[in-house]
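Going by this note's numbering, the sequence shown opens with residue 607, and the numbers climb by one from there. Virtual Cβ for every residue (Gly too), placed ideally from N, Cα, C.
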Amino acid sequence: MDMKFIFVCPTRNEVFESADFTILDNRGVITDGSGNRVLDAKVALNGPCPFCGEKHVYHAGELSCPFGE
């Protein structure tokens, strides 16, 4: 089973899921000034966005948690 992340097209503001991505610039988990642990990395779509056709790159913190309710 593939892990799907939840993305938002920055051009059309539409939400979609995809398992076709690559993690870039992975610096691991860091702790921010408030004590929250976050992944310091970028996530790039391997294929085009289903809404605008562009290949977007996101900071990991911009993505919704796929395990949320």
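What is the C-beta distance between residue i and residue j, in whole angstroms, given that I count them as a contact (C-beta under 8 Å)?
i             : j              : result
proline 654   : lysine 648     : At roughly 17 Å, the Cβ-Cβ gap does not stay under 8 Å, so proline 654 and lysine 648 are not in contact.
aspartate 626 : asparagine 642 : Not confirmed; about 28 Å, so no contact.
Kindly indicate which three-state DSSP category residue i falls into: helix, strand or coil?
i             : result
glutamate 623 : strand
glutamate 675 : Bear in mind that the predicted position of glutamate 675 carries a pLDDT of just 45, short of 50, making it too unreliable to give a figure here.
Within its chain, find whatever has a CB closer than 7 Å to the CB of residue i; leave out the 5 residues flanking it on each side and keep chain order.
i             : result
histidine 665 : Lys648
aspartate 638 : Val644
threonine 628 : Ala650, Asn652
Kindly list the residues whose CB is nearer than 6 Å to the CB of residue i, restricted to its own chain and excluding five residues on each side of it in sequence; keep chain order.
i             : result
leucine 630   : Lys648, Ala650
glutamate 623 : Lys610, Ile612
Per DSSP, residue i forms a beta bridge with which residues?
i            : result
alanine 650  : Thr628, Val663
arginine 643 : Thr637
leucine 611  : The sequence given here has phenylalanine at residue 611, not leucine. Bridge partners of phenylalanine 611: Ser624.
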